[in-house]
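Asker: Please find one structure pasted underneath; my questions will follow.
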Amino acid sequence: MLAYLRIFAVNHQKISSLHINNMCCCKRRASLKKSELHVLFGRNYSSLPGLIGNDIKSLHSVINPPIAKIRNIGIMAHIDAGKTTTTERILYYSGYTRSLGDVDDGDTVTDFMAQERERGITIQSAAVTFDWKGYRINLIDTPGHVDFTLEVERCLRVLDGAVAVFDASAGVEAQTLTVWRQADKHKIPRICFLNKMDKTGASFNYAVESIKEKLKAKPLLLQLPIGEAKTFKGVVDIVNKEKLLWNSNSDDGKDFERKPLLETSDTELFKKTIEARNTLIEQLQTAIHRVTVAQVAVPVLCGSALKNKGVQPLLDAITMYLPSPEERNYEFLQWYKGDLCALAFKVLHDKQRGPVVFMRIYSGMLKPQLAIHNINGNCTERISRLLLPFADQHVEIPSLTAGNIALTVGLKQTATGDTIVSSKSSALAAARQAKREGEKKHKQNREADRLLLAGVEIPEPVFFCTIEPPSVAKQPDLDRALKCLQREDPSLKVRLDPDSGQTILCGMGELHIEIIHDRIKREYGLETYLGPLQVAYRETILNSVRATDTLDRILGDKRHLVTVELEARPTEKPSVVPVIEYGESVSEDLLKASQEAIENGIHSACLQGPLLGSPIQDVVITLHSLVIHPGTSTTMISACVSRCVQKALKKADKQVLEPLMNLEVTVIREYLSPVLADLAQRRGNIQEIQTRQDNKVVIAFVPLAEIMGYSTVLRTLTSGSATFAIELSTYQAMNPQDQRTLLTRRSGSSMF
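Throughout, this note's numbering is defined as the position within the sequence shown, counted from one, plus 4.
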């Protein structure tokens, strides 16, 4: 074993080909059966975690470090705040990489998709495992663009802590608020890193104040900057009263100097440090850790990832102040008593391996060839291989324990959000335990709900378009590609238009659909054609109506007869799915036998409204009467109920609902007037105009239909100086004139 480990513990100064030679040598000399490690090397990577330089550790400690030494963290922020650059520096200083990647050069570790490297943005979250001063860190770099919010959501679900990266010149921005709210929902402790302190306009005080005011968080200042913008050269460690100064002649920022902060050397800086330290004095490391984990406050650090300043102290703060998996309180763990419980939070499709499923292990252990039970899918599958994630490089391992993030190969049915346990009997035992606990606490949750870990909320798409293969013969290939992409990305919806027979692609934004189109071409070799991009409207009703319908058919020697009477009315509270109620005259026995068929019929009818064929929302369907002839199939019951609901919806007064976007435009003062005039023409409703340093920030509500292609117009209006961010706010009723115009324009469309 020791000889085997020595082979892997090569000095990180040696070239990567030596790693490959050692792998071959290892396979010839050692017979470790299932403990054998397989490493796939690409870019200039260093040794495996735990094997930096000549540091020899046991195989178990390399793969499964003590749970108290594990940190599962995410990097989250507004687009262009410097998340990926910060991640690159973290990987470099930890010894995981031997060269500094750059977003502009397209050679970063975590942005490994071709589309990411071309655009310089993060699209898919990437997981990386590395060690820092005896701690195992599983780090996930997430997107900042609003079209890929789901990527952030599904990763935050499995993290124990996060680093929120801010542009020090901008402070809290639109997408910062979104990801912060997501972290609040999952109760994730956070550290704040004020990045880009070297940027023109950078202001430490402004950024801290924006965290207080906009995020309603309590900042704990652990550092102060030494200089700002062009004069930024280091930070003051308030806790230890030390100056951390980076050598301006250093290319990579690895070397920095710690100096005691003396009153004689810098009176003003010393005074500020003492003031900040007095505020912090009762909240030193243990206490800082405690309040961070309890989410009472957020530690604030600063630096410049691009200029290689401030990243090493950030790594120290991650290990000192963010929680280990065992410090997070998960109620469901008591039901499994150490048995396997894991959550599948992401699926990727690999051409060689097939579906690769990312899993967070909450209890128990995963091993290759292990049979697992999927509670959501009610199916049993077998894991063929187990991997540690290194962005697009993976290491095959013999086992992985609780607290870790793993990649599994061989699971054909598992999807994002599925709960994984060791067996069906384990799930039943946990259900019984959960039921007993629920009765003690007077909770009335269903057993299935108690067992399922909270998955990921999939947002509804706001754009759609037709997608056509190059020929009819290629339609099966397109269907397969879309099926794989949907499994990877649950926010991508695909449906078949019943009238035209065309395939409809539904996504979260223009960029989202553009990326999907590009991936189909590059990864699946299909030159597809997209129709015009259209807004995903919804429909509702304005009054209460009743309808009756009878379906009477003879199929073979059987008569199928159903009579339905129901009522459709508007809801008092917003509801994306129809609210279903049953009248007193509907017997319980009839309901037991037919409830699933009834509700399938109602949901089916509400998928396409009578005006545009858009989904119906904010309706209550009350079933008053149901008469079923003996022997009538459930399919016929569903069909009759669906037809009756459609009849009621057609009789009612109808309303189109359009997606309303929350728009934030950052613009210099001289271009404010043309931006406001343009928004007025787009039916924009200005909510507020804020001042951010030398810029103006316009916050407005604008219908989605009015801001398609807005980036090009804004670039022209402001000579390329303005930026904007949008996210879905709500669906609102269109005014009668706009609705008539829309219906007239759509009346000849083949899509409806």
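Using N, Cα and C, we set each Cβ at its ideal position, and we do this for glycine too.
In chain order, which continuous runs of the alpha helix (DSSP H) of length 4 or greater are located wholly inside the region 329 to 380?
Answerer: 337 to 340
Asker: Excluding the five sequence neighbours on either side, which residues of its own chain have a C-beta within less than 6 Å of the C-beta of Val183, listed in chain order?
Answerer: Annotation for Val183: Met80, Val156 place their beta carbon closer than 6 Å to its own, counting only its chain and skipping 5 residues before and after.
Asker: With DSSP as the reference, identify every bridge partner of Tyr100, one or two as the case may be.
Answerer: According to DSSP, which records beta bridges pairwise, Tyr100 is partnered with nothing at all.
Asker: Please identify the residue among Val679, Asn253, Arg484, Ala321 whose C-alpha is closest to the C-alpha of Gly717.
Answerer: Sequence check: residue 717 is Val here, not Gly. Nearest C-alpha to Val717: Val679.
Asker: If Thr552 sits next to Val631, beta carbons under 8 Å apart, how far is it from one beta carbon to the other, in whole angstroms?
Answerer: In fact, because the Cβ distance is near 11 Å, the residues do not count as touching under 8 Å.
Asker: Measuring only the C-alpha atoms, how far is Trp250 from Gly257?
Answerer: 6 Å
Asker: Going by CA-CA distance only, name the one from Ala704, Lys497, Thr405, Ile387 that's closest to Asn68.
Answerer: Thr405
Asker: Using a Cβ-Cβ cut-off of 6 Å (strictly less than) and excluding sequence neighbours within five positions of Glu261, which residues of its own chain qualify?
Answerer: Leu249
Asker: DSSP on Gly605, reduced to helix/strand/coil?
Answerer: helix
Asker: In chain order, which continuous runs of the beta strand (DSSP E) of length 3 or greater are located wholly inside the region 387 to 435?
Answerer: With a minimum length of 3 residues, the continuous beta strand (DSSP E) runs that stay inside the region 387 to 435 are 389 to 394, 397 to 400, 409 to 413, 423 to 425.
Asker: Out of Arg294, Leu683, Gln417, Phe728, state which residue places its alpha-carbon closest to the alpha-carbon of Asn699.
Answerer: Phe728
Asker: What separation, rounded to the nearest whole angstrom, lies between the Cα atoms of Ala671 and Gln697?
Answerer: Here residue 671 turns out to be Val, not Ala, going by the sequence shown. Computed Cα separation, rounded: 11 Å.
Asker: If we ignore side chains and look at the alpha-carbon of each, how far apart do Lys275 and Leu284 end up?
Answerer: Using only the alpha carbons, I get a separation of about 14 Å.
Asker: So what's Ala221 in DSSP terms, helix, strand or just coil?
Answerer: coil
Asker: According to DSSP, simplified to helix, strand and coil, what is Asn739?
Answerer: Reduced to three states, the DSSP call for Asn739 is coil.
Asker: Could you compute how far the alpha carbon of Lys237 sits from the alpha carbon of Leu228?
Answerer: 11 Å
Asker: In the DSSP assignment, what residue or residues form a beta bridge with His564?
Answerer: Arg557
Asker: Return the CA-CA distance between Asp188 and Thr554, expressed in angstroms with no decimal places.
Answerer: 50 Å
Asker: Under 9 Å, do Ala172 and Lys218 count as touching if we go by C-beta distance?
Answerer: Not in contact: Ala172 and Lys218 (Cβ atoms no closer than 9 Å).
Asker: How many whole angstroms separate the CB atoms of Cys306 and Val239, which I take to be in contact at a CB cut-off of 8 Å?
Answerer: 6 Å
Asker: Which class does Ile242 belong to by DSSP, given the choice of helix, strand or coil?
Answerer: coil
Asker: DSSP beta-bridge partners for Cys510?
Answerer: Looking at the DSSP output, Cys510 sits in a beta bridge with Phe468, Lys497.
Asker: Taking the runs of the alpha helix (DSSP H) that are 4 residues or longer, which of them lie wholly in the region 630 to 664?
Answerer: Listed in chain order, the complete alpha helix (DSSP H) runs (minimum 4 residues) inside the region 630 to 664 are 638 to 655.
Asker: Please report the residue range of the beta strand (DSSP E) in which Tyr586 lies.
Answerer: 583 to 586
Asker: Only counting the same chain, and skipping five residues up and downstream in sequence, which positions put a Cβ closer than 8 Å to that of Leu546?
Answerer: Pro574, Ala656, Asp657, Lys658, Gln659
Asker: Rounding to the nearest angstrom, what Cα-Cα distance links Tyr366 and Asn408 in this structure?
Answerer: 8 Å
Asker: When burial is assigned at 16 or more other CB atoms within 10 Å of the CB, is Ser475 buried or exposed?
Answerer: exposed
Asker: Out of curiosity, what's the CA-to-CA distance linking Ser427 and Ala168?
Answerer: 38 Å
Asker: I'd like the span of the alpha helix (DSSP H) that includes Gln691, first residue to last.
Answerer: Not the alpha helix (DSSP H): Gln691 falls in the beta strand (DSSP E), residues 689 to 696.
Asker: Note down, in chain order, each residue of its chain lying with its Cβ closer than 7 Å to the Cβ of Glu40, except the 5 sequence neighbours on either side.
Answerer: Here Glu40 scores only 37 on pLDDT, less than 50, and its place in the model is too uncertain to base an answer on.
Asker: Can you tell me whether Ile711 is helix, strand or coil according to DSSP?
Answerer: coil
Asker: Is DSSP giving Ser475 helix, strand or coil here?
Answerer: coil
Asker: Identify which residue in Asn209, Ala280, Asn312, Cys383 has its Cα closest to the Cα of Gly86.
Answerer: Cα-wise, what sits closest to Gly86 is Asn312.
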